[in-house]
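Okay, structure first, notes after.
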Amino acid sequence: PGRRDPGAGMTAGDRVAITGMGAVSALGVGIAPMRQAMLAGRSGIRPLPGDALDHFVARHAGRALEFKAPPKREELPRHLQMAVAAASEALADSGLNPAGGRVALVFSTCIGPLPTIEARRDADESTDAASDDTGSNPALAMHGGAILLARHLGIRGPVTTVTTACAASAGAIGRAADLLRAGRIDA
6 PGRRDPGAGM
16 TAGDRVAITG
26 MGAVSALGVG
36 IAPMRQAMLA
46 GRSGIRPLPG
56 DALDHFVARH
66 AGRALEFKAP
76 PKREELPRHL
86 QMAVAAASEA
96 LADSGLNPAG
106 GRVALVFSTC
116 IGPLPTIEAR
126 RDADESTDAA
136 SDDTGSNPAL
146 AMHGGAILLA
156 RHLGIRGPVT
166 TVTTACAASA
176 GAIGRAADLL
186 RAGRIDA
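For reference, each letter of the sequence shown is one residue, going 6 to 192 in our numbering.
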């Protein structure tokens with residue numbers, strides 16, 4: 006009483022599966038190093054270098070220090086370089102061909118392209134010009150990361166972004182499941 010089986014009443018057609026995974030995190034680059042670190046109980050949270058980030062109150066953070074930009078991706082903002090690496094690993098793990106047309110990209114972000122937005126703001130302040138023209142630079146738009154990532158991966162199906170702070174990844178999984186169940190995509 007009071008507990009409900011979350012799968013009760015579901016048919017095989019209602020269920021979805023995660024077929025590939027990729028990761029770039031403070032625990033390492035790739036699913037295997039992240040899994041090994043988690044199983045060993047290692048944390049990716051480390052002290053920040055004292056002089057580099059004095060303007061921050063926090064003194065510890067989880068930074069992906071082992072990450073290096075994938076070849077031919079150096080022009081992308083760092084968060085998208087990481088997204089390309091993680092998504093490429095997930096696609097390889099799944100065996101999917103993203104160019105099939107009915108493959109979606111559901112991108113999630115906690116705060117969007119904040120370093121890119123801040124750099125643009127700082128440039129605007131130094132020139133006394135104000136611009137919020139996200140059309141000329143898709144990386145500035147909240148949805149721009151998903152668009153650029155889809156282009157780099159060759160995904161031609163629906164592209165969407167979920168931006169709900171710390172719950173963004175769970176929301177993206179739910180959105181992708183909804184698209185699958187509705188028959189709008191195959192993967």
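For glycine and all other residues, C-beta sits at the position ideal for the given N, C-alpha and C.
This one's a predicted model, so the numbers in the text were calculated from it and none came from an experiment.
List the DSSP bridge partners of residue i.
i, result
"Thr-166", "Phe-112"
"Ser-30", "Gly-33"
"Ala-66", "Arg-51"
Using only CA atoms, which one of the options lies nearest to residue i?
i, options, result
"Arg-189", "Pro-75, Arg-51, Ala-151, Pro-163", "Pro-163"
"Val-167", "Val-29, Arg-161, His-157, Ile-152", "Ile-152"
"Ala-175", "Ser-113, Pro-103, Pro-38", "Ser-113"
"Ala-91", "Met-39, Thr-16, Leu-184, Val-21", "Met-39"
"Pro-54", "Leu-154, Gly-100, Arg-64, Gly-46", "Arg-64"
"Pro-82", "Thr-169, Cys-171, Leu-154, Ser-48", "Leu-154"
"Gly-100", "Leu-184, Asp-59, Ile-23, Gly-49", "Ile-23"
"Asp-183", "Pro-52, Thr-165, Glu-80, Pro-76", "Thr-165"
Just to confirm, is the Cβ distance from residue i to residue j under 9 Å?
i, j, result
"Gly-67", "Asp-191", "no"
"Leu-85", "Ala-31", "no"
"Phe-61", "Val-29", "no"
"Arg-20", "Val-111", "no"
Would you kindly report the start and end of the unbroken beta strand (DSSP E) that includes residue i?
i, result
"Pro-52", "50–52"
"His-148", "Looking at the DSSP string, His-148 is not in any beta strand (DSSP E), and its letter there is neither H nor E."
Taking 6 Å as the limit between beta carbons, can you name the residues of its chain near residue i, skipping five residues before and five after?
i, result
"His-157", "Val-89"
"Val-108", "Ile-160, Gly-162, Ala-192"
"Ala-187", "none"
"Asn-177", "Looking at the sequence provided, one finds Ala at residue 177 rather than Asn. Correct list, in chain order: Val-111, Ser-113, Val-167."
"Arg-78", "Gln-86, Val-89"
Excluding five sequence neighbours on each side, which residues of the same chain lie with their C-beta closer than 8 Å to the C-beta of residue i?
i, result
"Leu-96", "Gly-25, Gly-27, Pro-103, Leu-158"
"Ile-36", "Met-26, Gly-27, Ala-28, Glu-94, Asp-98"
"Ile-50", "Ala-31, His-65, Ala-66, Gly-67"
"Thr-16", "none"
Taking residue i as part of the alpha helix (DSSP H), name the residues at either end of that continuous run.
i, result
"Gly-100", "Taken as a continuous stretch (DSSP letters only), Gly-100 belongs to no alpha helix (DSSP H), as it is neither H nor E."
"Gly-106", "Note, Gly-106: premise wrong, no alpha helix (DSSP H); not H, not E."
"Ala-177", "173–186"
Output needed for residue i: all residues of its chain with C-beta closer than 7 Å, excluding positions within five of it in sequence on either side, in chain order.
i, result
"Ala-173", "Ser-113, Thr-114, Cys-115, Val-167"
"Gly-33", "Met-39, Ala-42, Glu-71"
"Ala-74", "Gln-86"
"Leu-185", "Val-21"
"Cys-171", "Cys-115"
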